[in-house]
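Numbering (my numbering), first residue to last: 194 to 578. See below for the structure under consideration.
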């Protein structure tokens with residue numbers, strides 16, 4: 194089997210464009226990958242995929258590990274989010290092809306199922322909130338949809354150094370959500386890496402009466418020691434890892450026990466195998482993994498297969514407001530109900546796209562985070578990615 198062609202698609206997905214790749218072979222089997230970078234530049238990973246095509250075309254798609262390391266080595270300047278995301282798109286597509294060639298789902302190739310379904314937590318549920326009361330109603334809606342865990346960033350926009358009184362409104366938002374959903378559902382608090390360690394600790398102590406499930410990215414990702422300080426200083430778990438490139442970069446965070454929960458992104462870390470390697474390192478430290486997943490159906494499908502086959506997996510993020518787009522562009526829907534994805538029964542990733550539907554959603558020139566500030570964004574009104 195040889196790779197004969199690689200196509201890319203930029204697909205409008207309301208507040209960002211998804212970057213999809215289709216890898217075709219001479220045996221008629223194709224695989225899908227994804228290199229989406231949220232609200233960041235989408236033509237860059239697309240260009241990187243096209244540049245990598247010179248290497249991949251003509252190769253056997255089933256020697257996944259060899260191809261990943263060859264391309265990674267020869268890109269020279271790494272780690273790099275653009276290169277890792279593009280390489281992840283190719284790697285995920287090759288797993289899809291391998292599974293199809295063997296007529297088996299990818300999770301079976303990764304060690305088999307550890308659970309009968311894959312739990313997801315909700316994000317994107319609060320994007321239409323205009324007032325604090327709206328957060329309570331929208332939180333109840335998300336729980337009614339079947340989720341037990343919902344994530345929210347109540348701080349947007351914020352700065353690394355702030356004043357104590359700036360905590361008041363985020364605290365009121367979290368209080369409103371807790372009262373709306375009751376004591377049995379879980380609130381996952383997102384910080385987007387916008388605080389220094391002292392401020393993050395102060396925020397966590399202000400919120401602890403509402404029993405958050407975790408505090409995600411309380412500090413920027415560059416300083417692992419600062420992250421470890423927060424983790425050792427607050428009363429509920431710290432989660433981080435979405436801006437980690439490769440399992441090598443994950444090593445320091447895990448070895449220093451800088452997090453209670455490690456959260457890689459299958460695209461940004463470099464693919465399925467990179468997540469599995471990082472998860473194995475985390476397991477040696479008794480650290481569970483959660484999967485960052487703010488993007489499209491390929492990333493979601495890859496996250497499902499990882500979640501199904503990884504013993505120390507907790508749950509995957511899911512932007513459930515995107516479900517209508519999924520239904521529009523997928524030939525068959527992902528089976529999702531009451532906060533869980535069914536294990537895929539079809540070979541490979543278990544998904545395929547209607548390419549005409551993809552072309553009917555041409556990319557839009559989203560301007561990224563700066564557009565939110567230009568529009569005068571209020572705290573909590575960010576996308577929540």
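Every residue gets a Cβ at the ideal spot worked out from N, C-alpha and C, and that includes glycine.
Query raised in the report: Considering only residues of the same chain and omitting the five flanking positions on each side of residue 383, which have a CB-CB separation below 6 angstroms?
Result: Locating residue 383 in the chain shown gives position 190, counting from the first residue. Only 344, 346, 409 meet the Cβ criterion.
Query raised in the report: Rounded C-beta distance between residue 316 and residue 533? I'm assuming under 8 angstroms.
Result: Taking the chain shown and counting its residues from 1, one reaches residue 316 at position 123. Taking the chain shown and counting its residues from 1, one reaches residue 533 at position 340. About 16 angstroms; that fails the 8 angstroms criterion.
Query raised in the report: Since residue 397 is in the alpha helix (DSSP H), which residue starts that stretch and which ends it?
Result: If you number the chain shown from 1, residue 397 lands on position 204. Per DSSP, residue 397 is one residue of the alpha helix (DSSP H) stretching across 390–400.
Query raised in the report: Helix, strand or coil: how does DSSP classify residue 575 here?
Result: Here residue 575 is taken as the residue at index 382 of the chain shown, counted from 1. Legend: pLDDT at residue 575 = 45, less than 50; position of this residue unreliable, value from coordinates given subsequently. Secondary structure of residue 575 (DSSP, three-state): coil.
Report task. Kindly indicate which residue of 275, 231, 279 has the alpha-carbon position closest to the one of residue 246. Result -> Counting from one through the chain shown, the residue named residue 246 turns up at place 53. Proximity to residue 246 across 275, 231, 279 peaks at 279, based on C-alpha coordinates.
Query raised in the report: Between which two residues does the alpha helix (DSSP H) containing residue 499 stretch?
Result: In the chain shown, the residue the question calls residue 499 occupies position 306. Unbroken alpha helix (DSSP H) run through residue 499: 490–502.
**Report entry** Closer than 8 angstroms to chain C by CB, residue 492
**Finding:** You won't find chain C in this structure, because it holds only one protein chain.
Query raised in the report: How long is the line joining the alpha carbons of residue 301 and residue 368, rounded to whole angstroms?
Result: What you label residue 301 is simply residue 108 of the chain shown in a count that begins at 1. What you label residue 368 is simply residue 175 of the chain shown in a count that begins at 1. Rounded to the nearest whole angstrom, the CA to CA distance from residue 301 to residue 368 is 42 angstroms.
Query raised in the report: Start and end of the alpha helix (DSSP H) containing residue 288?
Result: Indexing the chain shown from 1 puts residue 288 at position 95. Segment 274–294, the alpha helix (DSSP H) holding residue 288.
Query raised in the report: Taking C-beta to C-beta, are residue 227 and residue 276 nearer than 8 angstroms?
Result: Counting from one through the chain shown, the residue named residue 227 turns up at place 34. Counting from one through the chain shown, the residue named residue 276 turns up at place 83. No. Outside cutoff.
Query raised in the report: Which of the three DSSP states, helix, strand or coil, is assigned to residue 436?
Result: Here residue 436 refers to the residue found at position 243 of the chain shown. Residue 436: coil per DSSP, three-state reduction.
Report task. Could you give the DSSP three-state label for residue 196: helix, strand or coil? Result -> Here the question's residue 196 lines up with position 3 in the chain shown. Looking at residue 196 - three-state DSSP - the assignment turns out to be strand.
Query - Where residue 569 falls: helix, strand or coil (DSSP) - result: As a first step, residue 569 is located in the chain shown; it is residue number 376 there, counting from the start. Reliability of the predicted coordinates at residue 569 is poor, the pLDDT of 42 falling under 50, and no value is obtained from them.
Query raised in the report: According to DSSP, is residue 441 helix, strand or coil?
Result: To locate residue 441, count along the chain shown from 1; it is residue 248. Residue 441 carries a helical assignment under DSSP once its states are collapsed to helix, strand and coil.
Query raised in the report: Does DSSP put residue 483 in a helix, in a strand, or in coil?
Result: What you label residue 483 is simply residue 290 of the chain shown in a count that begins at 1. Strand.
Query raised in the report: Do the segment 285–296 and the segment 471–484 touch if we need at least three Cβ pairs shorter than 8 angstroms?
Result: Taking a cut-off of 8 angstroms on C-beta distances, the segment 285–296 does not touch the segment 471–484, as fewer than three cross pairs fall below it.
Query raised in the report: Excluding the five sequence neighbours on either side, which residues of its own chain have a C-beta within less than 8 angstroms of the C-beta of residue 331, listed in chain order?
Result: Here residue 331 refers to the residue found at position 138 when the chain shown is read from its first residue. In chain order, 318, 319, 321, 322 place their CB closer than 8 angstroms to the CB of residue 331, counting only its own chain and leaving out the 5 sequence neighbours on each side.
Query raised in the report: Rounded to the nearest angstrom, how far is the Cβ of residue 432 from that of residue 466, given a contact under 8 angstroms?
Result: By one-based count along the chain shown, residue 432 stands at place 239. By one-based count along the chain shown, residue 466 stands at place 273. Beta-carbon to beta-carbon, residue 432 and residue 466 are separated by about 22 angstroms, too far to satisfy the 8 angstroms threshold.
Query raised in the report: If you run the structure through DSSP and keep just helix, strand and coil, what is residue 461?
Result: Counted from its first residue, the chain shown places residue 461 at position 268. In this structure, DSSP gives residue 461 a state outside helix and strand, which the three-state scheme calls coil.
Report task. Excluding the 5 residues preceding and the 5 following residue 439 in the sequence, name in chain order all residues of the same chain whose CB lies nearer than 8 angstroms to its CB. Result -> Indexing the chain shown from 1 puts residue 439 at position 246. Cβ neighbours of residue 439 within its own chain (closer than 8 angstroms, five residues either side excluded): 265, 271, 272, 277, 462, 463, 467.
**Report entry** residue 450 and residue 481 closer than 8 angstroms at C-beta
**Finding:** Mapped onto the chain shown, residue 450 falls at position 257. Mapped onto the chain shown, residue 481 falls at position 288. Not in contact: residue 450 and residue 481 (Cβ atoms no closer than 8 angstroms).
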